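Some notes on the structure that comes next.
Residue numbers (my numbering): 194 to 469.
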């Protein structure tokens, strides 16, 4: 497929399955390293590789069909499925659980991702209905969900680990008259920092050390560099805002689940997966 730009004609290079197959052999380097150092990651690497390929092919076929549909409910349906899977994944990654963790994860990742993506679409569409189709909504939401999922997972893990290891400190402060928020504030702050730091680090080096996937894809497809940069700036701020909202949501909801209205720390609600 050819696309025209202000600087001439850019050529989109279509990859064959044979070329993709040859490049996929690079995973052998990971396998060799795992075997040589006895890391015992061979099975995980093979499973992850097969899952990745299968999932990407399936979503590619699904998107090819979704993009051809004009009905809004197909787009919303796929977006809902993606959000639900992200919510389940974020909750399941945590080694410590509490009653309501799945609901908290779904609420946090759903509201933060949909609000941030919706706001961005409203700003950039300029009255054009094209931005409200699956071709734009699904890729944007997918990038946001992936990053928010990571932020929520890290923030939630840090929060529950901190509560578990600082139980005595929390209860001592409560006994001295501190409110539940005052006793939990250092743990809440630590969890929020942990969840947001990877995103901040990514923003620090983008363009200098790394070229994000969306920008790279646009450049390879022939988009002018400055146009690709504008898109990437929008995406980075979109992801940063959604990550902040999602991490803040899960941390505050988790905190509320582990304290009652009498400012008592309910440590018994915090269970490891083995106890669950």
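Heads up, the beta-carbon is just placed ideally off N, CA and C, and yes, glycines get one too. If you're wondering where the values come from, they're calculated on a predicted model, not measured in any experiment.
At what residues does the alpha helix (DSSP H) containing residue i begin and finish?
i	result
residue 253	235-259
residue 458	Note, residue 458: premise wrong, no alpha helix (DSSP H); not H, not E.
residue 340	327-358
residue 399	Per DSSP, residue 399 belongs to no alpha helix (DSSP H) and is neither H nor E.
residue 218	Unbroken run through residue 218: none, as it is neither H nor E.
residue 418	418-450
What number of angstroms, rounded off, separates the C-alpha of residue i from the C-alpha of residue j?
i	j	result
residue 454	residue 372	10 Å
residue 452	residue 443	15 Å
residue 280	residue 302	6 Å
residue 197	residue 463	Summary for residue 197: the model assigns pLDDT 41, below 50, so the residue's position carries little reliability; its value from the coordinates is reported in the next sentence. Residue 197 and residue 463: Cα-Cα distance of roughly 58 Å.
residue 331	residue 311	11 Å
residue 396	residue 368	42 Å
residue 258	residue 448	42 Å
residue 240	residue 248	12 Å
residue 446	residue 459	14 Å
residue 213	residue 284	33 Å
residue 388	residue 379	14 Å
residue 256	residue 273	14 Å
Output needed for residue i: all residues of its chain with C-beta closer than 6 Å, excluding positions within five of it in sequence on either side, in chain order.
i	result
residue 408	421, 425
residue 412	421
residue 439	301, 302, 305, 341, 344, 345
May I ask you to report which of helix, strand or coil DSSP gives residue i?
i	result
residue 369	coil
residue 383	helix
residue 463	coil
residue 286	coil
residue 209	coil
residue 263	coil
residue 403	strand
residue 270	helix
residue 391	helix
residue 304	helix
residue 299	helix
residue 412	helix
Closest to residue i by C-alpha separation, out of the options, would be which residue?
i	options	result
residue 432	382, 447, 394	394
residue 353	313, 212, 374, 294	294
residue 386	441, 366, 427	441
Apart from the five residues just before and just after residue i, which ones in its own chain have a Cβ nearer than 8 Å to its Cβ?
i	result
residue 404	412
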